[in-house]
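In our numbering, the protein residues as written are 7 to 461.
For glycine and all other residues, C-beta sits at the position ideal for the given N, C-alpha and C.
Structure, as structure tokens:
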Amino acid sequence: MSRMPVSQVLNCETAPAEPILVQGWVRTRRDSKAFSFVEINDGSCLANLQIIADQGIPGYEDVLQLRTGASVSITGNLVESQGKQKWELQATSVEMLGNAEEDFPLQKKGHSMEFLRSIAHLRPRSNLFGAVFRVRSRMAYAIHQFFQDKGFVYVHTPIITASDCEGAGEMFRVTTLDGEELDTAPEKDFFGKPSYLTVSGQLEGETFACALSNIYTFGPTFRAENSHTSRHASEFWMVEPEMAFCDLQGDMDLAEEMVKYLVTDALEHCREDLQFFNSFIDKGLIERLQFVSERSFERVSYTEAVELLENSGEKFEYPVEYGLNLQSEHERWLTEEHFKCPVTVYNYPATVKPFYMRRNDDDKTVAAMDLLVPGIGEIVGGSQREERLDVLRENLKHHDLSEEDYWWYVDLRKYGTVKHAGFGLGFERLLMFVTGVANIRDVIPFPRTPGSADF
RNA sequence: UCCUCAGUAGCUCAGCGGUAGAGCGGGUGGCUGUUAACCACUAGGUCGUUGGUUCGAACCCAACCUGAGGAGCCA
7 MSRMPVSQVL NCETAPAEPI LVQGWVRTRR DSKAFSFVEI NDGSCLANLQ IIADQGIPGY
67 EDVLQLRTGA SVSITGNLVE SQGKQKWELQ ATSVEMLGNA EEDFPLQKKG HSMEFLRSIA
127 HLRPRSNLFG AVFRVRSRMA YAIHQFFQDK GFVYVHTPII TASDCEGAGE MFRVTTLDGE
187 ELDTAPEKDF FGKPSYLTVS GQLEGETFAC ALSNIYTFGP TFRAENSHTS RHASEFWMVE
247 PEMAFCDLQG DMDLAEEMVK YLVTDALEHC REDLQFFNSF IDKGLIERLQ FVSERSFERV
307 SYTEAVELLE NSGEKFEYPV EYGLNLQSEH ERWLTEEHFK CPVTVYNYPA TVKPFYMRRN
367 DDDKTVAAMD LLVPGIGEIV GGSQREERLD VLRENLKHHD LSEEDYWWYV DLRKYGTVKH
427 AGFGLGFERL LMFVTGVANI RDVIPFPRTP GSADF
């Protein structure tokens, strides 16, 4: 007899004629004089399956020993429940595969998120984290579906790199050297020069876009920034599409379409889990997601955004002034207070953006864009890339970067250059937005943050 | 890196100068088609660490450690 997932059991229209086999972990047990209720969960869905184990069935002596967390294998007949759930399993035999010791840390009561992080190996067995990681899996699938349906080619850009995607932050060094040689003899290192974990696959992505036209990457990314916030992790996953023959308009269109597609997909395929988030961690979640999936996003230029902020009458801690970067509080005001929906801000001053962004005709701004969402802020950052060889060379110089280090990147502009554009979407930030979970550490299985790389 | 807050039982917290507490979880017994079940009993603590103040410190002070929130940076 093969195991039937709990999700499938609970979705039965009519009770199967034959006995079925279910396997999972005990969530709770309640004893009566002549029988016990055991609820099991196997992660296939949020809901538990209630088991009725009568005194006298094979394994009943084990049932009385079962603690929360134990693993069990149960055969029985599916019957309509006398209680509030539709189905329950009338057990014909119960086998305890492995009991949980008395100090199993996950209780039936609510735990703090901080405590659950300290038991990251067990937290997927909780309702909340089971739901988070089912949604994470579904969203990863939907990302591939979105791009594959559009004919984008999935490219695996390198994890180890010797090139710095300037402006993307501090890098982790990868080395086989130790002691002094680290600094004095980098040429003796494994790759013959200093190498690092990637902070972005964009530059490599551009080379493939300039061959296969539309590509995307989806993989881990590493930043050695000493950030202590609820939306930064040292290791996270990023989606980076890159499109040839595409300008900033097309780039913004794609980013908005993608966020909308993913939200709609979650509403359609993760309903039970979203309902759970809506009830327990974010009361307005489903309403907000529905709003996002139905309405169009707002779009303002940086210049317009600065004007809105200046005329807002708000007292901001940091000044609003043309030429300065928008602060978190400014972004929050735009998306949460003013527009109350996702907003794309575009055409930023060149002075606050990296060398590869395309300079606009006004000579002051670059064709950059950030997609901001309520509650999180920046979820997408992207730009049209500078495709003009002379302008790119000038930009490298302005940013004190040597053309030699970027020779292959510059080559793209020498041999059949085309306008092209792309963006990066923080996968965990998307998950925070879709689930309502407030901390990035709680949407990634084993979070890495400064001072913490357990498990 | 900066600013703020918090570390008391396995978990969530109360106690805020004078003998260390509750609920949940664990153990034992009882009761019941129960569903964060219920009732009784019971075990469980160098009060983050190190110094200091005091007759006396979980409580006041200092430093450090850990965690969280925010800023910057970004996704």
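Does the beta-carbon of residue i, which I'm using as the reference point, lie nearer than 7 angstroms to any heavy atom of the ligand MG?
i    : result
D279 : Here there are no bound small molecules, and the ligand MG is not part of this structure.
Just confirm the distance between the C-beta atoms of residue i and residue j, as a whole number of angstroms; I'd bet it's less than 8 angstroms.
i    : j    : result
T441 : V141 : 6 angstroms
C18  : E278 : Contact flag wrong, Cβ pair sits at about 16 angstroms.
G430 : M264 : With a Cβ gap of about 12 angstroms, G430 and M264 do not count as contacting.
G428 : G211 : 6 angstroms
L268 : M145 : 6 angstroms
E320 : R364 : Incorrect: roughly 32 angstroms between the Cβ atoms, too far for contact.
P348 : L378 : 7 angstroms
S307 : N353 : 5 angstroms
Which residues mark the beginning and the end of the alpha helix (DSSP H) in which residue i is found?
i    : result
N54  : Counting along the chain, N54 falls outside any alpha helix (DSSP H), and DSSP gives it neither H nor E.
I149 : N133 to D155
G387 : That residue, G387, is in no alpha helix (DSSP H); its beta strand (DSSP E) goes G383 to R391.
A21  : Per DSSP, A21 belongs to no alpha helix (DSSP H) and is neither H nor E.
W413 : W413 to K420
T190 : E187 to T190
V312 : Y308 to E316
D68  : Y66 to V69
L398 : L395 to H404
Terminal residues of the continuous beta strand (DSSP E) containing residue i?
i    : result
G211 : Where G211 is concerned, there is no enclosing beta strand (DSSP E), although the alpha helix (DSSP H) it sits in stretches over Q208 to L218.
F429 : H426 to G432
F43  : F41 to N47
M509 : This structure cannot speak to residue 509, because the chain is shown only from 7 to 461.
S77  : S77 to E86
F452 : Careful: F452 lies outside any beta strand (DSSP E) and carries neither H nor E.
G256 : Note, G256: premise wrong, no beta strand (DSSP E); alpha helix (DSSP H) at L254 to H275.
F242 : E241 to A250
E101 : W93 to G104
L27  : I26 to D37
T350 : V349 to P355
L203 : S201 to L203
Pull up the distance between the alpha-carbon of residue i and that of residue j, whole angstroms please.
i    : j    : result
R338 : I382 : 8 angstroms
R73  : E107 : 8 angstroms
E231 : V180 : 16 angstroms
I385 : R435 : 6 angstroms
Q255 : V312 : 20 angstroms
E300 : Q281 : 19 angstroms
G290 : R305 : 24 angstroms
D448 : P130 : 10 angstroms
E176 : F242 : 14 angstroms
Q113 : T270 : 34 angstroms
N331 : N284 : 34 angstroms
G136 : I450 : 12 angstroms
D368 : I165 : 37 angstroms
Q61  : A261 : 59 angstroms
I149 : V298 : 17 angstroms
L402 : T213 : 18 angstroms
G329 : R229 : 26 angstroms
On the CB-based measure, 16 or more other CB atoms within 10 Å of its CB, does residue i come out buried or exposed?
i    : result
T235 : exposed
F153 : buried
W31  : buried
V138 : buried
V397 : exposed
D48  : buried
K92  : exposed
S389 : buried
T163 : buried
M10  : buried
D257 : buried
A191 : exposed
M7   : exposed
Excluding the five sequence neighbours on either side, which residues of its own chain have a C-beta within less than 6 angstroms of the C-beta of residue i, listed in chain order?
i    : result
V159 : L218 and I221
R36  : F43
E101 : G65 and S79
Q333 : Y324
E400 : none
L122 : R129
V69  : S42, A59 and V100
For residue i, collect the residues of the same chain with a Cβ closer than 7 angstroms to its Cβ; drop the 5 residues on either side in sequence, then sort them by chain order.
i    : result
N445 : M119 and S236
P22  : L84
C216 : A250, L418, V424 and H426
G432 : F242, M244 and I385
Q466 : Because the chain is modelled from 7 through 461, residue 466 falls outside the range shown and cannot be assessed.
N133 : L52 and F282
Which residues in the same chain have their Cβ closer than 8 angstroms to the Cβ of residue i, if we skip the five residues on either side of it in sequence?
i    : result
G157 : N220
D253 : A373, Q390, K425 and A427
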